[in-house]
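Novice: Structure provided below as structure tokens; questions to follow.
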Amino acid sequence: MMNFPSRFAQRLPAIAMLAAAMAISGCQKDAETTSADDTQSTSTEATNSQASTAPVAAETAASTDQQVKSSSLTILALGDSLTEGLGVDKDDNYPAQLEDRLQEMGYANAKVINSGLSGETSTGLVNRLDWVSQTKPDITILTIGANDAIRGIDVATIEANIRTAVKHLQDNGSVVILGGMSIYDNLGSEYVAAFSDIYPRVAKDMNLTLIPFFLEGVGGDRELNQADAIHPTKEGYEIIVNNNILPILEPKLNELEKLQELKTADTDNTATTAQDNTTKNKTNETT
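Quick look at the structure:
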């Protein structure tokens, strides 16, 4: 931002000198002319210097959004076969489709790492956290627990493992988005309810963004699932990405953009301050 009072103060010595020269008698006309010329030169230099920084600042501000979207963005898709994309081509699972959508949105260097593993339980996931954390994800989309429920694993164990995974990811600098899960009522309504309650409770306690039901609009729909009625088709994953993930993910991306914009603004302000100080010093030296 331009500091008008500061710039006006820079010009006061030159203005005062010009006034003094005009008050001197005619016999000092040469001195008056020299002083006026010096003042005009200094004022012009300062004005030109400040004017030259304006287009740069404007150009920087205009390109901030593009700079942010051109920055490296790593998203870790962490989970079981629903993440891995069992039964569909590698380009049709949700991590691949999500990466494509992000690049269409302008995130040219977005990378979505597929770390889904068929048959994975929450305990197995905890055991490979050190390995997956080496990817240094900015954001992690965590969906786990379905295989635990199929095996009838105690709900308290599932929840403890999810909390362990979330804390590990957060401690390594990743923003965690938790995908809520639900299961068929073949294990008893009490177990089903207790299992479903894990996700909103963990999200609330650990300050996470929650996808209420990861398979919303897809689960139970025969046309959007494969023959096993569990794993989505390409079209099912497309709905998951567009309707369930992106509306939750985009606000998080905006938060990352704001952080980057603040960093860019700090850099710009530092450069502008340095330029102003240089101009001020040149003005003082000349006058």
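All the letters of the sequence shown, read from the start, carry residue numbers -30 to -1, 1 to 257 under mature numbering (1 follows the signal peptide of the UniProt record, and there is no 0).
Yeah, the Cβ is synthetic: ideal placement off N, Cα and C, and Gly gets one too.
1. The alpha helix (DSSP H) that contains I132, what's its start and end?
2. Considering only their Cβ atoms, is the gap separating P107 from I128 smaller than 8 Å?
3. Restricting to Cα atoms, I'd like to know which of T110, S85, L87, E90 is closest to L43.
4. P182 and G150 look like a contact to me (Cβ under 8 Å); what is the Cβ gap, rounded to whole Å?
5. By Cβ distance, which residues of its chain are closer than 8 Å to F184, with the 5 residues on each side in sequence left out?
6. Alpha carbon to alpha carbon, how far is N79 from V146? Give it in angstroms, no decimals.
7. Just to confirm, is the Cβ distance from Y161 to V125 under 8 Å?
8. Looking at C-beta atoms only, is the number of pairs between the stretch 192 to 208 and the stretch 56 to 69 that lie closer than 8 Å three or more?
9. Rank Y77, S92, Q104, D141 by C-alpha distance to the C-alpha of G122 and give the top, closest one.
10. Could you spell out where the beta strand (DSSP E) holding A149 opens and where it closes?
11. Just the Cα atoms here: how many angstroms apart are I132 and L68?
12. Use the C-beta contact count for Y77: other C-beta atoms within 10 angstroms, 16 or more gives buried, fewer gives exposed.
13. Going by alpha carbons, who is nearest to G115 out of S144, D62, L219, E90?
14. Who pairs with A199 in a beta bridge, going by DSSP?
15. Using 10 angstroms around the beta-carbon of A31, count the other beta-carbons present and answer buried if the total reaches 16, otherwise exposed.
16. With distances taken between CB atoms, is the gap from D50 to N97 smaller than 8 Å?
17. Determine the direct distance from the alpha carbon of A135 to that of L95, and round the result to whole angstroms.
Specialist: Per the coordinate set shown:
1. As a position in the sequence shown, residue 132 is number 162, starting the count at 1. Here the alpha helix (DSSP H) through I132 covers 125 to 141.
2. In the sequence shown, counting from the first residue as 1, residue 128 sits at position 158. In the sequence shown, counting from the first residue as 1, residue 107 sits at position 137. Result no, Cβ atoms of I128 and P107 do not sit closer than 8 Å.
3. Position 73 of the sequence shown, counted from the first residue, corresponds to residue 43. Comparing Cα-Cα distances from L43 to each of T110, S85, L87, E90, the minimum goes to T110.
4. Here residue 182 refers to the residue found at position 212 of the sequence shown. Here residue 150 refers to the residue found at position 180 of the sequence shown. P182 to G150, Cβ: 5 Å. Contact.
5. Indexing the sequence shown from 1 puts residue 184 at position 214. Correct list, in chain order: L52, T113, G149, G150, M151, I210, N214.
6. The sequence position of residue 146 within the sequence shown is 176, counting from 1. The sequence position of residue 79 within the sequence shown is 109, counting from 1. Taking the straight line joining both Cα atoms gives about 20 Å.
7. Locating residue 161 in the sequence shown gives position 191, where the first residue counts as 1. Locating residue 125 in the sequence shown gives position 155, where the first residue counts as 1. A contact, by the Cβ cut-off of 8 Å.
8. yes
9. Taking the first residue of the sequence shown as 1, we reach residue 122 at position 152. Of the listed residues, the one whose Cα sits closest to G122 is S92.
10. Counting from 1 along the sequence shown, the entry for residue 149 is found at position 179. Sequence check: residue 149 is Gly here, not Ala. 145 to 149 is the span of the beta strand (DSSP E), which, as asked, contains G149.
11. On the sequence shown, position 162 is the one that residue 132 refers to. On the sequence shown, position 98 is the one that residue 68 refers to. Taking the straight line joining both Cα atoms gives about 23 Å.
12. By 1-based counting over the sequence shown, the position of residue 77 is 107. Y77 comes out buried.
13. In the sequence shown, the residue the question calls residue 115 occupies position 145. Nearest of S144, D62, L219, E90 to G115, Cα basis: E90.
14. If you number the sequence shown from 1, residue 199 lands on position 229. According to DSSP, A199 bridges with nothing at all.
15. Here the question's residue 31 lines up with position 61 in the sequence shown. Caution applies to A31, whose pLDDT of 47 falls short of 50 and renders its modelled position unreliable; the value that the coordinates give is listed next. Answer is exposed; the Cβ neighbour count stays below 16.
16. Position 80 of the sequence shown, counted from the first residue, corresponds to residue 50. Position 127 of the sequence shown, counted from the first residue, corresponds to residue 97. No; because the gap between Cβ atoms is not below 8 Å, this pair is not in contact.
17. In the sequence shown, counting from the first residue as 1, residue 95 sits at position 125. In the sequence shown, counting from the first residue as 1, residue 135 sits at position 165. The alpha-carbon atoms of L95 and A135 are separated by roughly 8 Å.
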